[in-house]
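Remarks on the structure that follows.
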Amino acid sequence: MITVLLFAHLQEQFGTDKLTINETELTVAALKEKLEKEYGWNQGQRVMIAINEEYAMDDDVIKAGDAVALIPPVSGG
């Protein structure tokens, strides 16, 4: 299983702060597609993705037991 942590407005969009994905391995790009199909997530949103607290690219592989964070842009001032 892969744990997906959600922050800021993504918690509202998904209705939770954490998702559990029943996969043993998939790429970041495949995770994005899965979230779009199963949860209606709009991939056009600019978010950073981290695997085990390290920023990841679309071709990076997520493995069972990993924690993935979807981090939306932060603004302030």
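The opening position of the sequence shown corresponds to residue 165 in the working numbering, with each subsequent residue numbered one higher. Even for Gly, the Cβ is constructed at its ideal location relative to N, Cα and C.
Around the Cβ of residue 228, are there at least 16 other Cβ atoms within 10 angstroms (buried) or fewer (exposed)? exposed
Looking only at its own chain, which residues have a Cβ that is under 8 Å from the Cβ of residue 191, when we skip the five neighbours before and after it? 222, 223, 224, 225, 226
Could you check if residue 233 is buried or exposed, using at least 16 other CB atoms within 10 Å of its CB as the buried criterion? buried
As assigned by DSSP and simplified to three states, the class of residue 232: strand
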